Every structure is written in C-alpha cells, then in structure tokens.
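K.L.:
Below: one structure in structure tokens.
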Amino acid sequence: MENVKQIQKSRGQLLDHQFKACGVETLCANTLDHFDQYKRRGRHSSLPIASQRRGSSSSVFHHPQAMAPASTNDALLANYVPVFVMLPLGVVNAENVFEDPDGLREQLKQLRAADVDGVMVDVWWGIIESKGPKSCEWGAYRELFKMVQEEGLKLQAIMSFHQCGGNVGDAVYIPIPQWVRDVAAANPDIFYTNRSGTRNPEYLSLGVDNEPLFGGRTAVDLYSDFMKSFRENMADFLHARLITDIEVGLGPAGELRCPSYPQVQGRSFPGIGEFQCYDKYLTADFRQAAAEAGHPEWKLPDDAGEYNDTPEKTKFFAESGTYLTERGKFFLTWYSNKLLKHADQILDRANQAFLGCKLKLAIKVSGVRWWYKDDSHAAELTAGYYNLTLRDGYRTIARQLTRHDAILNFTCVEMRDSEQPEEAKSGPEELVQQVPSAAWREGIEVACENALNRYDTAAYNVMLRNARPNGINPNGPPKLRISALTYLRLSDVLPESENLATFKLFVKKMHADQDYCPDSQNFFKPIRPMKRSKPEIPMEKILEATEPLEPYPFDPVTDMFSDEASETS
Numbered sequence: 001m002e003n004v005k006q007i008q009k010s011r012g013q014l015l016d017h018q019f020k021a022c023g024v025e026t027l028c029a030n031t032l033d034h035f036d037q038y039k040r041r042g043r044h045s046s047l048p049i050a051s052q053r054r055g056s057s058s059s060v061f062h063h064p065q066a067m068a069p070a071s072t073n074d075a076l077l078a079n080y081v082p083v084f085v086m087l088p089l090g091v092v093n094a095e096n097v098f099e100d101p102d103g104l105r106e107q108l109k110q111l112r113a114a115d116v117d118g119v120m121v122d123v124w125w126g127i128i129e130s131k132g133p134k135s136c137e138w139g140a141y142r143e144l145f146k147m148v149q150e151e152g153l154k155l156q157a158i159m160s161f162h163q164c165g166g167n168v169g170d171a172v173y174i175p176i177p178q179w180v181r182d183v184a185a186a187n188p189d190i191f192y193t194n195r196s197g198t199r200n201p202e203y204l205s206l207g208v209d210n211e212p213l214f215g216g217r218t219a220v221d222l223y224s225d226f227m228k229s230f231r232e233n234m235a236d237f238l239h240a241r242l243i244t245d246i247e248v249g250l251g252p253a254g255e256l257r258c259p260s261y262p263q264v265q266g267r268s269f270p271g272i273g274e275f276q277c278y279d280k281y282l283t284a285d286f287r288q289a290a291a292e293a294g295h296p297e298w299k300l301p302d303d304a305g306e307y308n309d310t311p312e313k314t315k316f317f318a319e320s321g322t323y324l325t326e327r328g329k330f331f332l333t334w335y336s337n338k339l340l341k342h343a344d345q346i347l348d349r350a351n352q353a354f355l356g357c358k359l360k361l362a363i364k365v366s367g368v369r370w371w372y373k374d375d376s377h378a379a380e381l382t383a384g385y386y387n388l389t390l391r392d393g394y395r396t397i398a399r400q401l402t403r404h405d406a407i408l409n410f411t412c413v414e415m416r417d418s419e420q421p422e423e424a425k426s427g428p429e430e431l432v433q434q435v436p437s438a439a440w441r442e443g444i445e446v447a448c449e450n451a452l453n454r455y456d457t458a459a460y461n462v463m464l465r466n467a468r469p470n471g472i473n474p475n476g477p478p479k480l481r482i483s484a485l486t487y488l489r490l491s492d493v494l495p496e497s498e499n500l501a502t503f504k505l506f507v508k509k510m511h512a513d514q515d516y517c518p519d520s521q522n523f524f525k526p527i528r529p530m531k532r533s534k535p536e537i538p539m540e541k542i543l544e545a546t547e548p549l550e551p552y553p554f555d556p557v558t559d560m561f562s563d564e565a566s567e568t569s
C-alpha cells in the first residue's frame with residue numbers, strides 16, 4: 001500500500017510540475033473577472049448534440065464550454081473569430097537559419113496593425129533534427145518565436161513531419177531528415193507506395209508506425225520524441241502562453257491523408273489519384289485482415305486506375321464498380337481505418353508530450369473537393385476518406401478526435417462551386433458544409449483555412465459565411481462558428497496597399513466588427529490546461545458515425561462585404 005501511495009504522490013508531483021511548466025497558473029485579470037461574473041449568474045450553456053438522425057438539421061449545436069455573456073460587448077466577442085496568417089514555408093531555411101529577420105519583422109508589424117491575432121508556422125522535422133537522431137537544434141526557431149512574441153502576436157505551431165516540395169504552393173524543398181532517408185536506402189518500404197511500386201518520400205508510411213526500424217524506435221516514437229523536445233526547448237514560450245495551438249502533422253502537407261495526388265509523380269488536377277498501400281508492411285496488414293475476415297483470397301485493388309484517370313475509366317470507381325462490392329467495401333474500410341488509428345496513436349503521444357500545457361491540439365483534413373459530386377467520390381477514397389452519399393467519411397474522424405479534445409482544421413474554405421471546372425465534378429461548398437457539420441455534431445471545435453492564395457472580396461465573403469454560417473448573434477455565441485481562421489499565406493503580395501486595405505476590412509468582419517481582443521477565446525471556449533486523453537474508443541463505436549446526417553443549414557448571405565454579398569450567394 002505504501003508503494004502505491006508513493007507512486008500516486010510521484011505522479012501527482014510530476015503532473016503539477018508539467019502544469020506549472022506551461023504557465024497554467026496564470027490567467028489575465030479581465031478573464032478572471034468574466035469567470036466570476038459567469039459563476040455568480042449560475043448560467044450554463046447547452047450540451048452538444050452528439051448525434052442527430054437524418055432530417056434533424058433544425059437542431060443546433062452549442063459548444064459545451066461557450067460562456068454566457070456578461071455584457072453586450074462580451075456577447076459580441078463570443079462571435080469574434082481570431083485570424084492567424086501562415087508564415088512563408090521557408091521562414092527558417094533548410095540550413096536552419098532564420099532568413100531575413102528584418103523583413104519579417106516589418107511584415108509582422110503590418111499584420112499587427114491590421115489587428116491580426118497571430119501567425120502559423122511550420123516547425124520542420126527535417127530542419128530541426130537534420131544532424132542526427134535526437135540532435136535537435138532549436139536556435140533559429142527560438143529567434144522566430146521571440147520576434148512573434150515581441151510584435152504582440154500569438155502562434156500556431158505545426159509539427160511538420162512531412163517533406164516540403166512536390167505539392168501545390170511548395171516554394172522550397174525541405175526533405176525529412178537524412179538519417180531517416182538512409183533507412184529507406186536499405187528498406188524503401190518505409191515510404192508510401194502505389195500499385196506500380198513508386199515510392200513517395202514525403203512522409204513515412206503509416207505501415208511503419210509501430211515498426212522499430214529507426215535505431216530501435218518506431219515512427220510513432222520519432223514523432224513523440226520530437227514533440228517532447230519541442231516542449232522542453234520552448235518551455236518559456238509555452239509558459240507565456242504565446243502558443244495557442246499545436247497542429248500535429250499526420251501525412252503529406254501536414255494533413256491526415258495518404259499522398260494520393262502527388263504532383264512530383266505526374267498527377268495533375270482533376271485526376272482521381274491512386275491508393276498508397278502497396279508497401280510490404282501495409283500489404284501484409286491487409287492480407288492478415290482479409291484472412292481474419294474469412295477471405296484470404298482478397299488482394300489489394302488492381303483495377304483502380306492511375307493518377308490522372310477519371311472514375312469512369314476504371315473498374316473500381318465506375319458505375320456499379322468494385323467500390324460497391326463486398327470486397328471493395330472491406331478494402332475501403334480497412335484503408336480509412338488505418339488513417340484513423342494513425343491519427344489516434346500520434347495524438348495520444350502529442351497529448352502526453354504537452355500534458356498540462358494551456359493550448360489545444362489540432363489536425364488538418366484536406367479539402368479533396370474534386371469528384372465530390374461523382375457517385376464514387378473517387379479522389380476522396382484514394383486519399384483515405386471513405387466518404388459516399390450514404391456513408392459519412394468525416395464524422396468518423398471527428399469522433400476519433402473527441403478522445404483528445406482536438407480541433408479539426410479544414411481547408412478550401414474560400415472556394416465556390418461556380419469557380420470549379422465542370423468536368424471535375426467538384427463540390428467545395430457542399431464539402432465545407434459537410435465536414436464542419438460532422439465535427440460540430442460530435443462536439444468538437446472546427447478551424448478553417450483557405451487552400452489557395454486569394455485577395456478578393458468574393459473569396460473573403462465565402463470565408464466569412466463559412467466562419468459563421470448563420471451570421472452574428474448579438475446576444476451571445478452564434479449558432480455555429482469556427483474557433484479560428486488561418487489565412488494562407490504571408491507574401492510580398494499581401495502587404496500591397498490595396499490588398500492590405502481589403503484584408504484589414506476582412507479581419508474586422510471576422511472579428512464581428514469588434515476591436516482587437518487578445519483574450520477573445522475566453523468568450524467562446526476558453527483554452528484550459530491539457531488533460532490526459534480519454535480511453536480509446538472502440539472502432540465499432542467510431543464506425544457508427546458513418547451514418548449520413550444532413551449538414552447544418554448555412555445561410556446564403558451572412559455578415560459579409562455588402563457590395564459582394566449578392567454575388568457570393
């Protein structure tokens with residue numbers, strides 16, 4: 001019994017140390033005042049709607065921690081959506097040097113003058129740990145973080161475990177660490193592989209998540225150790241609460257997906273892409289799963305076409321194709337479930353690494369909008385999103401995230417169907433309505449970002465509508481809202497006078513026409529010390545979330561730029 005008590009005491013001391021290391025004992029005075037007012041009134045917000053049957057879209061999700069307003073100003077601040085701006089991909093270059101600090105400082109000052117809340121930055125594994133295993137060098141990033149702090153901005157940090165280079169918008173080349181790539185020289189199956197055997201070095205195959213191939217460590221261990229090093233070396237910034245979010249990279253471009261549409265391998269829009277599960281580890285995993293299901297004869301797909309095919313050119317995605325057969329459904333379930341497990345494992349390690357810190361975890365889900373209006377949803381399926389008209393492929397992801405109280409960050413929030421080529425059968429507006437609705441139904445927060453650089457009011461209006469789909473509520477939190485918007489990307493074009501003036505107006509509208517508020521999150525869903533992840537959710541429980549539900553209704557016109565609102569609708 002004494003041993004048990006001693007263990008419990010030690011664990012308590014460790015947890016207390018972790019909480020203090022992240023500065024969670026500090027809370028700004030105005031926030032404490034707001035909490036006191038809230039408690040005195042004794043008011044409580046509605047509980048989240050965990051699930052609704054099809055046709056129940058009139059029911060509205062309310063965030064369980066959204067706070068009742070203490071004043072009219074507080075009520076409007078509950079509508080305030082913080083705006084972050086992505087920094088250039090190579091702000092710290094491949095040689096681990098903080099490039100052009102003077103130029104960046106000037107741009108940060110411009111962002112702050114525009115009332116931007118913060119910035120997002122890729123923290124590249126391939127830069128920090130380039131010299132060797134566990135040889136992390138954080139100096140350049142500390143310089144960057146210090147500058148962001150000095151300019152009065154907050155920070156979203158991406159744990160970028162992927163390669164930069166080979167995708168849309170990749171302006172620099174930053175590979176994963178050389179010592180990891182050296183393992184691939186003898187064992188190329190550590191990388192995602194398509195049916196023809198072409199390897200993709202952007203990100204380690206999830207097939208090696210639990211294989212001790214890296215000096216006795218697994219891929220999950222590599223990611224975990226990197227995040228622990230980040231916490232240790234950025235403890236002062238965590239203590240100061242500079243960092244609001246840790247977005248955990250889970251695949252190519254930092255997104256939870258398979259690298260199904262790589263430009264570097266010749267794929268071009270709107271090609272359906274290819275499945276990426278033909279390395280020896282995933283092949284063996286599928287064979288075992290098929291055998292356990294009583295079908296040892298089932299193999300990985302050989303009829304799903306090539307990168308630039310259209311659905312009807314393949315047997316797998318064509319009308320009445322393989323994807324609708326028992327074998328096809330089994331494969332697609334296995335393929336998408338592997339992604340879910342991948343996310344769960346790494347988020348669990350992220351939770352351990354940042355336990356007690358006053359920040360939030362997030363993941364990014366890609367806006368694979370092309371072929372969304374085709375029955376097969378082919379491009380989504382090859383990416384690992386098993387989403388069909390009668391099967392929701394995104395609410396399963398959201399349900400998995402509930403275990404870790406993580407934010408779902410979704411892309412392509414600026415796009416309109418009318419801007420898409422007809423032959424691509426693209427549906428960005430429907431997709432942006434479906435995915436956040438799926439997350440809100442599961443009671444988790446949603447963040448959004450634009451997929452392509454845009455500086456026009458038409459795109460800004462679409463972002464405003466998707467940020468608050470039913471507009472501003474003058475009496476408190478709106479029916480629906482995202483937790484933050486991240487704008488892609490800081491460049492030499494944005495600071496141009498006309499672009500910057502329009503952007504300032506956009507930020508003001510995103511802030512619900514309120515003045516800049518550094519504590520705005522406290523009037524919506526306060527950031528609390530990170531607690532340990534909940535128990536694992538059985539896969540059968542997660543798969544219950546595949547039941548398709550009607551998305552929440554989005555109003556065609558909300559609080560937009562008035563001269564463009566009619567065009568947006």
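Note that full-length UniProt numbering has the sequence shown beginning at 1, numbered continuously upward.
We put the CB at the ideal spot given by N, CA and C, even for glycine.
Given the structure is predicted, the values throughout are model-derived calculations rather than measurements.
Below 6 Å CB to CB, which residues in the same chain sit around E143 once its five sequence neighbours on both sides are set aside?
P.N.:
The answer, listed in chain order, is F98.
K.L.:
Would you kindly work out how many angstroms separate the C-alpha atoms of N79 and F226, rounded to a whole number?
P.N.:
For N79 and F226, the distance between alpha carbons rounds to 36 Å.
K.L.:
From the DSSP output, which residues share a beta bridge with G118?
P.N.:
DSSP lists F84 and K154 as partners of G118.
K.L.:
In chain order, what residues of the same chain have a beta carbon less than 7 Å from the beta carbon of E306, not counting five sequence neighbours either side?
P.N.:
For E306, where only same-chain residues beyond five positions count, the Cβ hits under 7 Å are E274.
K.L.:
So what does DSSP say about F331, is it helix, strand or coil?
P.N.:
Three-state result, F331: helix.
K.L.:
Taking the alpha helix (DSSP H) that residue 571 belongs to, which residues open and close that run?
P.N.:
Only positions 1 to 569 of the chain appear in this structure, which leaves residue 571 out of reach.
K.L.:
Would DSSP call T486 helix, strand or coil?
P.N.:
It is a strand residue.
K.L.:
Considering only the alpha carbon of each residue, which of W371, D117 and K364 lies closest to A398?
P.N.:
Nearest of W371, D117 and K364 to A398, Cα basis: K364.
K.L.:
In this structure, how does DSSP classify P551 when only helix, strand and coil are distinguished?
P.N.:
Looking at P551 - three-state DSSP - the assignment turns out to be coil, as it is neither helix nor strand.
K.L.:
Is it true that the segment 138-156 meets the segment 239-246, where meeting means three or more beta-carbon pairs spaced less than 8 Å apart?
P.N.:
Result yes; three or more Cβ-Cβ pairs closer than 8 Å.
K.L.:
Could you tell me the distance, in whole angstroms, from the CA atom of L381 to the CA atom of L332?
P.N.:
Taking the straight line from one Cα to the other gives about 7 Å.
K.L.:
Can you tell me where the beta strand (DSSP E) holding N409 begins and where it ends?
P.N.:
Residues I407 to F410.
K.L.:
Tell me the residue span of the beta strand (DSSP E) that contains D285.
P.N.:
No beta strand (DSSP E) holds D285; the alpha helix (DSSP H) holding it covers K280 to E292.
K.L.:
Look up L388 in the DSSP assignment and say whether it is helix, strand or coil.
P.N.:
Looking at L388 - three-state DSSP - the assignment turns out to be strand.
K.L.:
CA-CA distance, N200 and I128?
P.N.:
Going by the C-alpha atoms only, they are around 21 Å apart.
K.L.:
When you compare the CB of M147 with every CB in chain B, is at least one pair closer than 8 Å?
P.N.:
Among the chains of the structure shown, chain B does not appear; only one protein chain is present.
K.L.:
Over the uninterrupted alpha helix (DSSP H) stretch that includes E430, give me the two end residues.
P.N.:
That run of the alpha helix (DSSP H) goes P428 to R441.
K.L.:
Can we say the segment 354-362 touches the segment 539-548, given the rule of at least three CB pairs closer than 8 Å?
P.N.:
As far as the Cβ criterion goes, the segment 354-362 does not touch the segment 539-548, which means the pair count is below three.
K.L.:
Under three-state DSSP, which class holds F269?
P.N.:
Coil at F269, not helix or strand.
K.L.:
Pick out whichever of I482, N475, K373 and F410 has its Cα sitting closest to the Cα of K425.
P.N.:
The candidate whose alpha carbon is nearest that of K425 is K373.
K.L.:
From the DSSP output, in three-state form, read off T244 for me.
P.N.:
Strand.
K.L.:
Just to confirm my understanding: we take D344, look at its own chain, exclude 5 residues before and 5 after, and list those with CB closer than 6 Å. What are they?
P.N.:
Closer than 6 Å at Cβ, skipping near neighbours: Q400.
K.L.:
Would DSSP call L505 helix, strand or coil?
P.N.:
Of the three classes helix, strand and coil, the one that applies to L505 here is helix, per DSSP.
K.L.:
Decide if the segment 159-168 is in contact with the segment 262-271; the criterion is three or more beta carbon pairs, one per stretch, under 8 Å apart.
P.N.:
Segments in contact, yes.
K.L.:
Going along the chain, which residues of its own chain have a beta-carbon closer than 7 Å to the beta-carbon of S437, five neighbours each way excluded?
P.N.:
Cβ neighbours of S437 beyond the five flanking positions: P551 and Y552.
K.L.:
Taking just the CA atoms, how far does F524 sit from N210?
P.N.:
Computed Cα separation, rounded: 38 Å.
K.L.:
If we ignore side chains and look at the alpha-carbon of each, how far apart do N453 and P296 end up?
P.N.:
N453 and P296: Cα-Cα distance of roughly 48 Å.
K.L.:
Grouping DSSP H, G and I as helix and E and B as strand, with all else coil, what is F214?
P.N.:
Looking at F214 - three-state DSSP - the assignment turns out to be strand.
K.L.:
From P495 to Y173, what distance separates their C-alpha atoms?
P.N.:
Rounded to whole angstroms, P495 to Y173 spans 25 Å at the Cα level.
K.L.:
Here's the rule I'm using: 16 or more other beta-carbon atoms within 10 Å means buried, otherwise exposed. How should Q107 be labelled?
P.N.:
Under this definition Q107 is a buried residue.
K.L.:
So who's on the other strand from W124, going by DSSP bridges?
P.N.:
BP columns for W124 point to S160.
K.L.:
Is the beta carbon of C517 less than 8 Å from the beta carbon of L111?
P.N.:
Cβ atoms of C517 and L111: not closer than 8 Å.
K.L.:
By alpha-carbon positions, which one of C277, E536, F503 and G216 ends up nearest to L300?
P.N.:
Answer by Cα proximity: C277.
K.L.:
How many Å lie between K504 and N473 at the Cα?
P.N.:
Using only the alpha carbons, I get a separation of about 22 Å.
K.L.:
According to DSSP, is I444 helix, strand or coil?
P.N.:
Of the three classes helix, strand and coil, the one that applies to I444 here is coil, per DSSP.
K.L.:
Could you compute how far the alpha carbon of Y487 sits from the alpha carbon of G294?
P.N.:
Rounded to the nearest angstrom, the two C-alpha atoms are 49 Å apart.
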